[in-house]
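A short write-up of the structure that comes next.
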Amino acid sequence: EQLNLHPIGCFTTRLLTEPNRSLYSSQLFSRYTNQLADAEKAQLINELYLPYRLKVEREIEKLKKPVLHLSIHSFTPIFHGKERSVEIGLLFDPDRKSELAFCQSYAQALTGQLPNLSIQFNEPYLGIDDGVTSHLRALYPDEQYLGIEIEISQKFISDLFPIKESLLIGLKRVLSE
């Protein structure tokens, strides 16, 4: 309430369809659903993928003001047998000055809240990879849309409350500046 947030969640499993990929991505369907018939894939797109994506777009249009879009995900702490050094990743387009400035301020606020965690920019993925934020950046200019992805290591999944609280406190701090 204090932040005037408009949360939109996608609560379907990525084992069906990946809402953070474009329609043309080879990663849109999982190894389980990739084998489905075209009609079944179309049904997944129409019933799961498009409602979420279109809801995000409609909300941005409805607000008619600059939007800070935080897309929050988790990632595996061990990838191809190697432990990742990042624990919280802030993903953004470095060519978008407002996204860069936000992430610098947010990282500083988060470091104050979570001093023992490794908070990194554009890790474990690039902020310009195929995804919802990249799609929306193509629709809206820098001054109208900031698309930030927050990636949290799954090693914190059993005790996520302190991370969630710190993310909110840090967000309040940055937005009040």
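When you line the sequence shown up against the working numbering, it's residues 21 to 197, in that order.
Even for Gly, the Cβ is constructed at its ideal location relative to N, Cα and C.
Whole-angstrom C-beta distance between residue j and residue i, which should lie under 8 Å
| i | j | result |
| --- | --- | --- |
| Phe112 | Asn142 | 7 Å |
| Ser50 | Leu36 | 7 Å |
Length of the line joining the Cα atoms of residue i and residue j
| i | j | result |
| --- | --- | --- |
| Glu103 | Ile183 | 20 Å |
| Thr33 | Ala57 | 19 Å |
| Pro114 | Ile168 | 11 Å |
| Asn66 | Arg41 | 15 Å |
| Lys61 | Leu166 | 31 Å |
| Ser94 | Val76 | 19 Å |
| Gly190 | Asn54 | 39 Å |
| Leu134 | Asp149 | 27 Å |
Opening and closing residue of the beta strand (DSSP E) in which residue i lies
| i | result |
| --- | --- |
| His93 | 87 to 95 |
For residue i, the three-state DSSP class (helix, strand or coil)
| i | result |
| --- | --- |
| Glu163 | coil |
| Ile148 | coil |
| Ile28 | coil |
| Lys102 | strand |
| Thr37 | strand |
Per-residue burial, residue i [other beta carbons within 10 Å of its own, 16 or more giving buried]
| i | result |
| --- | --- |
| Thr153 | buried |
| Arg157 | buried |
| Leu180 | exposed |
| Leu159 | exposed |
| Leu99 | A small correction: the amino acid at residue 99 is Phe; Leu does not occupy that position in the sequence shown. It is exposed - the Cβ of Phe99 has fewer than 16 other Cβ atoms within 10 Å. |
| Pro27 | exposed |
Host alpha helix (DSSP H) of residue i (start-end)
| i | result |
| --- | --- |
| Gly190 | 181 to 196 |
| Leu130 | 117 to 133 |
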